[in-house]
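Mind the numbering: the sequence shown is residues 0 to 210 in our numbering, read in order. Glycine residues also receive a C-beta, built at the ideal position from the N, C-alpha and C atoms. All of these numbers come straight from a predicted model, not from anything done at the bench. As structure tokens, the structure follows; a few thoughts come after it.
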Amino acid sequence: MIPRTSPARARSQRPTASSRARAAPPGWSLGGIAAQIGLATYPELVSALVLLGTNPPGHMVKPSEQLFYDVSTKPENDFADEVTLFFEPSDPGSRESARRSWERIAARSEDRSIPVPGPWAAAQIDSEPRNPVFPAGAVLDVLKTTRTPVLHIAGDHDIMFPVENWYALSRQLATVHLITYPRAGHGPHQQYPEVSAAHVAAFTASLQPRG
């Protein structure tokens with residue numbers, strides 16, 4: 000489930016700090032894994048890292064739930080599937096947040112992503128949980144030693160990347176700030192868009208890299 004990149008190719012294509020401005024890249028879910036790899040590969044280009052509903056490298060103390068794979072690999076997903084995948088189905092407030100998120104996305108007419116075919120997307124996901132899902136010890140070492148600020152926002156019941164895997168690394172990660180939203184799932188920013196935006200804005204504005 001992680002990108003496969005040739006180390007030699009990565010080194011040969013490595014940009015220089017003078018060729019690009021430093022940035023605070025966001026990454027949700029698998030995008031969060033890519034963002035962590037980016038920090039490890041190009042640390043001089045990253046001023047801060049913003050992660051949402053993703054997983055740290057290494058062994059998972061709490062693996063993903065089979066439910067995520069059963070639902071996400073369907074050829075087509077409906078609203079009920081969205082609730083299961085990204086929210087907390089047992090909570091009325093979370094279900095209502097899912098409805099509002101669904102309507103916001105449906106109402107958007109500009110700057111939309113290119114539609115991804117369901118069968119293709121399903122083929123990119125395993126049929127069952129793996130552990131580790133992100134086997135990258137070198138990236139974990141970077142998270143333990145980096146001086147670049149990292150923010151991770153999660154729901155307290157993420158069926159794909161349980162937040163407990165971040166808790167297990169408490170006091171080991173050098174600069175990681177953890178925020179956990181209650182009664183929320185794999186899409187914490189979808190359930191709490193305003194609060195998420197405020198947390199990200201405050202984080203990027205107030206934290207400066209220390210090296």
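Contacting residues, own chain, Cβ-Cβ under 6 Å from P118 (five flanking each side not counted): P74
Quick one, are the C-beta atoms of D125 and Y41 less than 8 Å apart? no
Length of the line joining the Cα atoms of P2 and A137: Note that P2 scores 44 on pLDDT, short of 50, meaning its location in the model is unreliable; the coordinates nonetheless yield the value given after this. Linking P2 to A137 through their CA atoms gives a straight-line distance of about 14 Å.
Mind checking S18: buried by the 16 CB within 10 Å criterion, or exposed? A caution first: S18 carries a pLDDT of 49, below 50, which makes its placement in the model unreliable, though a value can still be read off. Its Cβ having fewer than 16 others within 10 Å, S18 is exposed.
For A97 versus V82, is the C-beta spacing smaller than 8 Å? For A97 and V82, yes; Cβs fall inside 8 Å.
Under 8 Å, do T72 and A121 count as touching if we go by C-beta distance? yes
If I measure Cβ to Cβ from P181 and keep anything under 6 Å in the same chain, skipping five residues before and after, which residues do I get? D155
Can H188 and I158 be called in contact, C-beta distance under 8 Å? no
Straight-line Cα distance separating Q35 from W165: 14 Å
When the Cα of E87 is compared with those of G30, K61, G31 and P161, which residue comes out closest? P161
So, at 8 Å on beta carbons, what are the nonlocal neighbours of V199 in its own chain, with the 5 sequence-adjacent residues on each side left out? P25, V49, L150 and I152
How big is the Cα-Cα spacing for T145 and V175? 10 Å
Short Cβ contact (8 Å threshold) for A47 with T179: No, the Cβ-Cβ distance between A47 and T179 is not below 8 Å.
For A183 and R99, what's the separation of their Cα atoms in angstroms? 14 Å
Specify the secondary structure class of H198 as computed by DSSP and reduced to three states. helix
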